[in-house]
Amino acid sequence: MASIQEPIAHSPGTRSRNGATVELTSISKSYGDFVAVDQLSLSIQPGGIYGLLGPNGAGKTSTLRMIIGIIVPDSGQISVFGEPLNHTHKDSFGYLPEERGLYRKMKVSEHLVLLGQLKGLSHAEATERVRNWCERFELTAWTGKKVEELSKGMQQKVQFIGAILHDPRLIIMDEPFSGLDPANAMVLKDVVLELAKGGKTILLSTHRMDQVERLCQSICLVNHGRAILEGDLSQIKARYGRSNVQVKYDGDARFLEERRLVQSFNDYGNYVEVRLVPGADAQELLHLASAHARLSKFEVMEPSLEEIFIDVVGKPNA
Amino acid sequence: MRNTWLIIKREYLERVRTRSFLVLTVLLPAIMTVLMALPAKLMKMGEKPQHVVVVASTAQFGETVRQQLLSPLANVNEDDEEGSTNDSAKKKPQNQYIIDVDPNPSDAERATLQDKLSRRKIDGFFWLTDDAMASGEVSWYSREITYFSERSWLRETLNRMALQQRLLSNGFSAAQTDQLLKPIKVQSVRIEHGREAKGSGTARLLEIVVMVMLIYMAVLLYGISVMRSVLEEKNSRIMEVLLSSASSTELMAGKILGVGAVGLTQIMVWIVMAGVFALPALAAQPNLGELQVSPLVFAAFAVFFLLGYLLYSTMYATIGAITTTEQEGQQLQFLVVIPLVLSVFMLMPVIRTPDSPVAVWTSMIPFFAPIVMYARMVVQTPPLWQIALSLVLLIGTIAGLVVLGARIYRIGVLIYGKRPTLPEVLKWLRYAKA
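Chains as they are written, first to last, in the numbering used here: chain V, 1272 to 1589; chain P, 63 to 496.
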């Protein structure tokens, strides 16, 4: 973890390196002058959901593509399931790329069977699994239709089935919930959680902090191709402490300018989220605030991932 | 291998099942047949038998001329293999002429005939009086300018008649005159390896032309569909999913072979259809007997056609990987078309001197080999090492292009947007080292 400069990013002792499902050791990738991934290291433990988090263009997709072997890093090592990455691992991966793509003219069931076969399933086995999964995702009525006749949301479900059909040990999903309506997102989320409970390792990449916060046990926060924070989500949050205050008030806002206590604040309209100077006492701010304004809410709370992110890298571009 | 096979199967089935495939397979030969048969049919429809009158001093001589003009023997000496007089030969079957004999050579008769001619009662008449024959100047009256071929046929026939007449009057017997007037026919014989080889020049040329046309057609029809299919895959963004399951080389090879198999299927269907419908007509052609293709040439045809097809489709696939839209792809098509056109340009010198250094070396260059080497083999079997070297180079180039193309493909399909410059493509090749 030499590449991670922030000492707080470490959460030592929580991981046993040897059993990692995915282990990246300072991998780099540049396209011409553009450095997409810069000395990135991370370790994904078996089981559970791991979130790769960062703004658009942070290097998430490049990192995922390198893990799958679609692109090769310029330097650094990748090992999966304890061995250096090679082409025999492909069948143990399930991949849902951000750029969804299916053969538009193919029938749904035939398409899924093909994807299963490409991952090593027999025709019969693939057919059977396609039937079961399509039932689960309420696609049975559509299996005989051409892909192009399906709605975008349905196509996304088809794509997801294609990624998990062969029962892979590692499922890699790039922005899996984008483009899904809430109901379908819920179905997908349930399946993802179920797979995680069943012992699969899930690597999920997104720029949506709230999803990561709800689903992931561990995260890696990347920006400009570098890992900024990595480790167990609850430990990361604990390290940041309960140094956040949500305030709802009427009247004079001068207390927010108190540099001695307030490190930064973010006005959300309905309320203001205040980040305290490390070591500052929330009670002191309460006194100050109540002296100038009418408070309807004053709550000390855990920092959100978004705040942690902003705190570490400044405002995200996305 | 399994993945390549799966891709081939998908490409093949998806294409063959479409309605457009069926329509094209059935309709194209139909359209071709109509297009080729229609002009001939139309010409036939406009033609009616020519009504010709032979005016002679005696009915007997007139009848002899009539027989000669109608006899197929009259064109024996024109029927050489170059085919240049085939047209006139075909024009002369008996049923195209109705010939009457008029043994009444008077000025009044001539006026009557001229009148009939202008009133379209007859199409022409000969003035073949004994006087005219003796003087060597006979006349042919018609409304239209006589075709050169027709005139030469008339001249030949009448010359023979006149000669026969003169010989007979000089005391030769009929048998002797026939003997003396027997026409000469030139037969060309090609010597290969000290032995007479079968097949006339025309037949040889035909073999080469068929090859060139088939390669052209296959490359232009299916090479483009390989390119289109790569582009479609790029635009539908399915590549990334496929690449997570199979290598780019497997995908590339599967695509080229799958689309290739579709093309071959279609060509096979057409050949079978052509065989069924056109063979009876072809069998009537006089040159067909000489079109005996040796097993070696047939094997060469199959091998060079397949390899040429593979080479050019691989080039198309690579173009598809580099570009993002079909228009861009078509702009780069010259990369494929130029070697094809150049090979055709080189055909004539190669056929004339198939063992000249230029012919030997162009047949080694993989981009020309499918057409040039094949042409050399048809004309004169080159040394075995040359054939082997040409094949090795061709296969090596195809393999190299597949790997190279697959690399560009892999990076190219993941990068959307503007077409890369050549330095960028070279850079991609470096990225895609594994």
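Note that CB positions come from ideal geometry on N, CA and C, so glycine has one too.
| Item | Value |
| --- | --- |
| Inter-residue spacing [alpha-carbon to alpha-carbon] between F1580 (chain V) and A1456 (chain V) | 25 Å |
| Listed by chain order, chain V residues near I300 (chain P) by CB distance under 7 Å | G1372, L1373 and Y1374 |
| 9 Å Cβ cutoff met for V1518 (chain V) and E1570 (chain V) | yes |
| Beta-carbon neighbours of E76 (chain P), restricted to chain V and to distances below 8 Å | Y1374, K1376 and M1377 |
| Residue-level contact to chain P via CB, A1366 (chain V), 9 Å cutoff | The question names Ala, yet the displayed sequence has Tyr at residue 1366 (chain V). Answer yes: the Cβ-Cβ gap between Y1366 (chain V) and chain P drops below 9 Å somewhere. |
| Any beta strand (DSSP E) of 3 or more consecutive residues that is wholly inside the region 154-189 of chain P | 159-164 |
| Residue range of the beta strand (DSSP E) that includes R1497 (chain V) | R1497 to D1503 |
| Residue burial classification, F188 (chain P) (beta-carbon count within 10 angstroms, cutoff 16) | buried |
| DSSP-derived helix/strand/coil call for A323 (chain P) | helix |
| Backbone CA spacing between L225 (chain P) and K183 (chain P) [nearest angstrom] | 32 Å |
| Chain V within 9 Å of G479 (chain P), Cβ atoms only | Bear in mind that the predicted position of G479 (chain P) carries a pLDDT of just 48, short of 50, making it unreliable; the figure below should be weighed with that in mind. Taking Cβ atoms only, chain V never reaches closer than 9 Å to G479 (chain P), which makes this a no. |
| Amino acids of chain V, ordered along the chain, whose beta-carbon sits closer than 7 Å to that of A379 (chain P) | Neighbours of A379 (chain P) on chain V: none; closest Cβ ~17 Å, over 7 Å. |
| Euclidean distance between Cα positions of A468 (chain P) and S1422 (chain V) | 32 Å |
| Coil, strand or helix - L1410 (chain V) by DSSP | coil |
| Exposed unless 16 or more other CB atoms sit within 10 angstroms - verdict on F339 (chain P) | exposed |
| Under the three-state DSSP convention, the category S309 (chain P) falls into | coil |
| Segment contact flag, the region 186-206 of chain P with the region 215-234 of chain P, C-beta cutoff 8 Å, min 3 pairs | yes |
| Proximity winner among V:K1361, V:M1337, V:A1560 and V:G1415, relative to A1524 (chain V) (alpha-carbon distances) | V:A1560 |
| Below-9 Å beta-carbon distance, R1336 (chain V) vs any chain P residue | yes |
| Buried/exposed call for S1333 (chain V), threshold 16 Cβ in 10 Å | buried |
| Selection from P:I433, P:F123, P:R77 and P:Q241 that minimises the alpha carbon distance to V274 (chain P) | P:I433 |
| Q328 (chain P) and L104 (chain P) closer than 9 Å at C-beta | no |
| Other residues of its chain near Y1539 (chain V): CB distance less than 6 Å, five sequence neighbours each side excluded | none |
| DSSP state of R1546 (chain V) mapped onto helix, strand, coil | strand |
| Exposure of F430 (chain P), with buried meaning 16 or more beta-carbon neighbours within 10 Å | buried |
| Expected contact under 8 Å - CB spacing of Y378 (chain P) and V398 (chain P) to nearest Å | 6 Å |
| Among P:L304, P:G337 and P:Q389, nearest to E1370 (chain V) - alpha-carbon criterion | P:L304 |
| Near-chain V residues of the region 310-337 of chain P - C-beta to any C-beta below 8 Å | none |
| Any 3 or more C-beta pairs closer than 8 Å across the region 267-283 of chain P and the region 435-442 of chain P | yes |
| Buried or exposed (CB count within 10 angstroms, at least 16 for buried), A1395 (chain V) | exposed |
| Cβ separation of L1474 (chain V) and I1490 (chain V), assumed to be a contact under 8 Å, to the nearest whole Å | So it is not a contact: roughly 11 Å between Cβ atoms. |
| The beta strand (DSSP E) enclosing L1474 (chain V), as first and last residue numbers | T1472 to T1477 |
| Beta carbon proximity, K1390 (chain V) to chain P, threshold 9 Å | yes |
| Inter-residue Cα distance where the pair is N139 (chain P) and P245 (chain P) | Its pLDDT being 42, under 50, N139 (chain P) is placed unreliably in this model, and the coordinates cannot settle the point. |
| Residue ranges of each alpha helix (DSSP H) within the region 1426-1487 of chain V, 4 or longer | 1453-1468 and 1480-1486 |
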